[in-house]
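For reference, each letter of the sequence shown is one residue, going 1 to 243 in full-length UniProt numbering.
Below: the structure, in structure tokens.
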Amino acid sequence: MTASSPPSPPVDPAAPPAKLSRADEVHARLRDDIFEFRMPPGERFTETQIAERLAVSRTPVREALMRLQTEGLVRGYFRSGWEVVPIDFNRFDQLYELRALLEGHAAEVIAGAAPPEREAARAAMLDRLADIWCRPPEARERETSVLARLDESFHSGLIEAAGNAEIARVHAEVTDRIRIIRRLDFGYAQRIAATYDEHAAIVRALQRHRGDQAALLIRAHIRQSQAEVRKITLHRLHSFGAR
């Protein structure tokens, strides 16, 4: 019989966040540059160029690039530098299709019967979402970065409320892979308005326990977002190509 290991010390929620390593900082900066198209798809570069631009050594740059390569955002070439991975619309279409399946299923589960304690938690979650999304136009958020976070929280919150940890894990991976183009959906006022209206309709359907209707609304919402970000991405790529 082996001795049990000592319990982990409690985490202090008031404690300051751990300091990022230099590699973490470089990773975050490059990831943001890629997501904002400051490093557009297909751009070639070297570790030395990145190190000089960010005023760091090549070691944290190499560590950050290896992480980004694992995430599918860049790829390295032997003795030929690195490249931001070009946009693969077929891959994104497949990921959006998977996302629609997962979220449609989550809507049906959330609207279905549940034990009293789970039903209370779901009702509270839907009330919180209603506070955010069921707002008149003058009370809506306009900042793109904030909207992107709220949007991800809306969809991941529905997945988590369905209570399947494996589905939540797969959905998180899909969300991470499409983030580079998904966040473009908030670049125009009409898309912001549509997101609010469509999210509000989904929440109301779930509050009425209309899982079939909510699933249809979610899938239509995802398909429309998919079409819009494809159009916006193509426009961005064309603009970079014309420079």
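Here a beta-carbon is modelled for each residue, glycine too, at the ideal position from N, C-alpha and C.
Every value quoted in this text rests on a predicted model; they were computed, and no experiment measured them.
Check	Outcome
Same chain, Cβ closer than 6 Å to Thr59, five either side skipped, listed in chain order	none
Opening and closing residue of the alpha helix (DSSP H) in which Gly104 lies	Phe89 to Ala111
Beta-carbon proximity check, Ile192 vs Phe186, cutoff 8 Å	yes
Reduced DSSP secondary structure (H/G/I, E/B, other) of Phe186	helix
Inter-residue spacing [alpha-carbon to alpha-carbon] between Glu83 and Arg29	16 Å
Nearest-angstrom Cβ-Cβ length linking Ala172 and Ser156, presumed shorter than 8 Å	7 Å
Distance, Arg75 Cα to Trp133 Cα	38 Å
Nonlocal neighbours in the same chain, by C-beta distance under 6 Å from Gln207, ignoring five residues either side	Leu126
Assigned exposure category for Gln123 - 16 Cβ within 10 Å defines buried	Reading off the sequence shown, one finds Ala at residue 123, where the question assumed Gln. So Ala123 ends up on the exposed side.
Exposure of Gly209, with buried meaning 16 or more beta-carbon neighbours within 10 Å	Gly is not the amino acid found at residue 209; the sequence shown has His there. Exposed, since its Cβ has fewer than 16 Cβ neighbours within 10 Å.
Reduced DSSP category for Lys231 - H, G, I as helix; E, B as strand; rest coil	helix
Cα-Cα separation, Glu160 to Asn90	27 Å
With 16 other Cβ atoms within 10 Å as the buried cut-off, status of Ala14	Only weak support exists for where Ala14 lies, its pLDDT of 43 falling under 50; the coordinates are left without a value.
Three-way DSSP call (helix, strand, coil) for Gly211 in this model	helix
Expected contact under 8 Å - CB spacing of Val61 and Val85 to nearest Å	Contact flag wrong, Cβ pair sits at about 17 Å.
7 Å Cβ shell around Ser80 - same chain, five flanking residues per side excluded	none
Delimiting residues of the alpha helix (DSSP H) encompassing Gly157	Thr144 to Ala162
Cut-off 7 Å between Cβ atoms - residues of its own chain near Leu150, not counting five sequence neighbours on either side	Ile132 and Glu141
Sequence ranges, alpha helix (DSSP H) only - wholly within the region 19 to 93, length at least 4	22 to 35, 47 to 54 and 58 to 70
Close Cβ partners of Glu43 (< 8 Å) along its chain, the five nearest in sequence each way excluded	Glu83 and Val84
Cβ distance (whole Å) where Ala214 is taken to contact Ala111 below 8 Å	6 Å
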